[in-house]
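According to numbering that gives the first Met the number 0, the sequence shown is numbered sequentially starting from 0.
Worksheet for the structure shown next.
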Amino acid sequence: MKKICLLFSFIGLFTHLFSQNKKLLIIGLDGCRADVVNHRYAPTMDSIIHLKNTAYSYKMRNERRTMSATNWSSLLTGVHFSKHKAKNNRKFYKGDFVNYPPFMKYLKDENPELKCASYSTWGDINKYIMLDYLDDITNANKDLADSVVENKVLSMLKLPEVYDATFVHLEDIDHNGHLKGFSKNNATYTDAVTRKDSFVKEILSIVQERKIKYIEDWLVIITTDHGGRRIGRASGHSFGMINPNIRQNFLIMNGDSVNSGKIIAPRTIDIAYSILTFFGVKIKPEWNLQGKTIGLKD
């Protein structure tokens with residue numbers, strides 16, 4: 000009887016340790032249109048969608064206000080802009096992230112030992128949404144070059160112990176879209192996509208090594224806040240547009256917990272909800288989340 004009890008105690012301990020070994024990495028490629036995530040411009044991301052542990056969509060619907068502040072807020076909080084109030088970039092500071100915090104808060108409430116990080120080229124994302132819930136950060140008071148953020152992420156992932164939930168934001172694609180247009184016909188735009196695809200390839204290689212070496216259960220999410228259209232520098236993804244190149248975004252979810260195949264009608268707000276599901280967090284009605292679980296096995 001003692002041996003049986005000891006065996007079940009060991010199994011319980013192993014299960015607990017494995018459940019705590021879940022890891023999340025979100026790679027946010029600002030301004031990346033869905034139609035450039037293909038073999039020509041993004042061969043790594045294009046190849047990922049064909050893997051048996053990948054769920055994907057080229058028609059994820061973002062917010063009606065197709066601004067960066069609005070959509071990164073919706074992605075991280077799991078509610079529409081009518082609740083989080085970050086209606087545009089200029090008024091990011093007016094966002095209500097007390098009543099509608101990022102998913103990191105719920106993770107830490109569930110398990111205070113979980114560690115979260117955010118490496119963002121755009122400092123405002125950290126400053127206004129996530130600063131109170133982070134154990135590591137690149138910046139909150141200034142913007143950074145993508146290369147600085149990429150090096151930080153790569154260095155972190157090579158450490159024996161990494162953060163449980165990490166958000167990465169990269170600006171280069173969006174920057175080149177504003178310069179000469181969000182379009183497959185703009186070589187500076189597609190070149191930026193290819194550069195980020197190479198970064199994704201490097202990241203996934205490290206993650207795959209970690210899965211084996213440290214027995215980690217990874218969920219990697221690659222997505223964007225908005226697309227764009229080929230017009231002048233002044234805009235390219237103005238709020239309220241119905242243009243599918245702005246509102247229909249791509250989403251890639253990869254990991255052993257992922258249900259392979261196309262995701263039907265995903266929305267930006269579904270991402271935070273799905274992350275909480277991945278970590279086994281029970282969604283409470285009083286949080287007023289508006290998303291649903293997508294891309295994961297039952």
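Idealized CB from N, CA, C, for every residue including glycine.
Please read all numbers here as calculations on a predicted model, not as lab measurements.
Nearest to L295 by alpha-carbon distance, out of M155, R209, I262, is I262.
Beta-bridge annotation (DSSP): F80 is not paired with any residue. Per DSSP, H177 is one residue of the alpha helix (DSSP H) stretching across 171 to 179.
Close CB contacts of L250 within its chain, under the 7 Å cut and outside five residues either way in sequence, are with Y55, S56, M59, T222, I262, P265 (chain order). In this structure, Q289 sits near V78, with a CB-CB distance shorter than 7 Å. K86 and V192 have their C-alpha atoms roughly 27 Å apart. Minimum Cα-Cα distance from N61 among the listed residues T53, D45, G30, R89 corresponds to G30.
DSSP places R60 in the uninterrupted beta strand (DSSP E) bounded by 53 to 60. Following the DSSP letters along the chain, one finds D216 inside the beta strand (DSSP E) bounded by residues 216 to 222. Here the stretch 151 to 164 makes contact with the stretch 200 to 209; the two share three or more CB pairs at distances below 8 Å.
Collapsing the DSSP output to three states places K107 in a helix.
DSSP places V206 within a helical segment (H, G or I) once states are collapsed to three. When the Cα atoms are used, I214 and G176 turn out to be separated by approximately 39 Å.
Straight-line spacing of the CA atoms in D123 and K141 works out to 8 Å.
D135 sits in a strand when the DSSP states are folded into three classes. As computed with DSSP, F91 is found in no beta bridge at all. 7 Å or more divides the Cβ of P101 from the Cβ of I136. Here the alpha carbons of L275 and I282 stand approximately 8 Å from one another. Look at R194 here: in three-state DSSP terms it is helix. Taken atom to atom, the span from the alpha-carbon of S146 to that of R89 is near 25 Å. Going by DSSP, I282 is part of no beta strand (DSSP E) at all; its letter is neither H nor E. Counting along the chain, F249 sits inside the beta strand (DSSP E) bounded by residues 247 to 253. DSSP, read as helix, strand or coil, puts K212 in helix.
The beta carbons of N253 and T53 sit closer together than 7 Å.
In the DSSP assignment, S154 falls within the alpha helix (DSSP H) that extends over 145 to 156.
If you check the CB distance, S256 and F277 come in under 7 Å.
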